[in-house]
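Protein chains: 2
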Amino acid sequence: MQYIYIVMGITKTEIFSEKQNELAITFKALAHPARIAILQHIIKQQACICNDLVQELGLAQPTISQHLRELKNIGIIKGSIEGTSICYCIDEVVWHSVKNELTAFFSQNVSVEKCC
Amino acid sequence: MQYIYIVMGITKTEIFSEKQNELAITFKALAHPARIAILQHIIKQQACICNDLVQELGLAQPTISQHLRELKNIGIIKGSIEGTSICYCIDEVVWHSVKNELTAFFSQNVSVEKCC
DNA sequence: ATTATTAATCGTAATATTGCAATACATTTA
DNA sequence: TAAATGTATTGCAATATTACGATTAATAAT
């Protein structure tokens, strides 16, 4: 006998495909203006450290650190120790694979003949 | 004199640009596997009604309805009354503008020379 | 008019996310 | 070794999100 517990507030990932969950996780990592701003700043400067972002964005250091962690989790940025600070930059390989993933999703033909 | 209240748990949208907030909102609307699945099903069938999705995805009707509302909020789907049911389909114009928005973001040059 | 069908809304429970102060940790410099 | 610098972690407060049962609303069929 199998029990299925429904816990409110938590996404039912088990009913979706691997691909669907993966796409959603990618979108979620990008679904905050601070993380968009962080990526844009890293791209503009080619690289930056946490404190740069604290100055630039005006969020507290722990908040920036937390957003950096979420971007690191999907691998789109990587950090390397540089003295006392950590140099963050874009992981080009992951960046392009994310780009391809999203491009593939939006390349689906959505022509509407049946309705609307 | 200006008071700035920091309310925990709420995104500080005012410190980011219009564009950054807009992008984040778009990503957020797509940041759930159910909403990915809904879009894919609508695309595959060209159109569908809420109950189709309830059957297909195995989520409760109010849950599907809630996800449909979030997709409607960014305009990527639209619904038209069809008897007792509502026929949902992709809004091609919005779909392509979202596609272009995301493509533009990922078309930034991310070459890394300085670091990592 | 009553019943059936379909979807939206309301209310609620539980987890997730966002943000920051305080603290801990790790490396460099004096 | 001690102080300085920069970042991560912990803990907590508050809002946001996810999910569903119950109800409401709106149209179609009897």
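So the sequences go chain by chain: A and B. Residue numbers for the first sequence follow the numbering used here, beginning at 4 and rising by one. Residue numbers for the second sequence follow the numbering used here, beginning at 4 and rising by one. Virtual Cβ for every residue (Gly too), placed ideally from N, Cα, C.
Interface residues of chain B around residue i at Cβ under 9 Å?
i              : result
V115 (chain A) : Q49, A50, C92, I93, D94, E95
H70 (chain A)  : In chain order: nothing, as chain B lies at least about 11 Å away.
K75 (chain A)  : Per Cβ cutoff of 9 Å: no residues; K75 (chain A) is ~13 Å from chain B at best.
Report the three-state DSSP secondary structure of residue i (helix, strand or coil).
i             : result
I46 (chain A) : helix
S20 (chain A) : coil
I89 (chain A) : strand
I80 (chain A) : strand
Could you give the distance in angstroms between the alpha-carbon of residue i and the alpha-carbon of residue j?
i              : j              : result
K31 (chain A)  : H35 (chain B)  : 8 Å
S83 (chain B)  : C90 (chain B)  : 5 Å
T14 (chain B)  : A107 (chain B) : 24 Å
K102 (chain B) : H70 (chain B)  : 20 Å
C53 (chain A)  : S88 (chain A)  : 8 Å
Q58 (chain A)  : I45 (chain A)  : 13 Å
F109 (chain A) : L42 (chain B)  : 11 Å
P65 (chain A)  : C51 (chain A)  : 16 Å
L56 (chain B)  : I67 (chain B)  : 7 Å
E73 (chain B)  : I9 (chain A)   : 22 Å
V115 (chain A) : I93 (chain B)  : 7 Å
E95 (chain B)  : Q48 (chain B)  : 15 Å
K81 (chain B)  : L33 (chain A)  : 24 Å
L60 (chain A)  : K75 (chain A)  : 18 Å
Just tell me which of the options has its CA closest to the CA of residue i.
i              : options                     : result
A37 (chain B)  : A:Q58, A:I18, A:S100, A:Y6  : A:I18
M11 (chain A)  : B:L71, B:L62, B:I79         : B:L62
S100 (chain B) : B:Y6, B:I77, B:C92, B:T87   : B:I77
A40 (chain A)  : B:I41, B:Q23, B:L60         : B:Q23
W98 (chain A)  : B:G86, B:T16, B:N112, B:E85 : B:N112
What residues from chain B crowd round residue i, counting only those whose CB sits closer than 7 Å?
i             : result
N24 (chain A) : P36
L33 (chain A) : F30
Q64 (chain A) : Within chain B, no residue comes near Q64 (chain A); the closest Cβ sits about 15 Å away, beyond 7 Å.
A40 (chain A) : F19, Q23
Mind listing the chain A neighbours of residue i? Cutoff is C-beta to C-beta under 7 Å, in chain order.
i             : result
I18 (chain B) : L60, G61
Which chain A residues sit within Cβ distance under 9 Å of residue i?
i             : result
I46 (chain B) : Q111, N112, V113
What residues from chain A crowd round residue i, counting only those whose CB sits closer than 8 Å?
i              : result
A107 (chain B) : Under the 8 Å cutoff, chain A gives no residues; its nearest Cβ is about 11 Å from A107 (chain B).
For this session: Pull out every residue of the region 81-102 of chain A whose Cβ sits closer than 9 Å to any Cβ of chain B, in chain order.
Result: The region 81-102 of chain A vs chain B, Cβ under 9 Å: K81, G82, S83, E85, C90, Y91, C92, I93, D94, E95, W98, H99, V101, K102.
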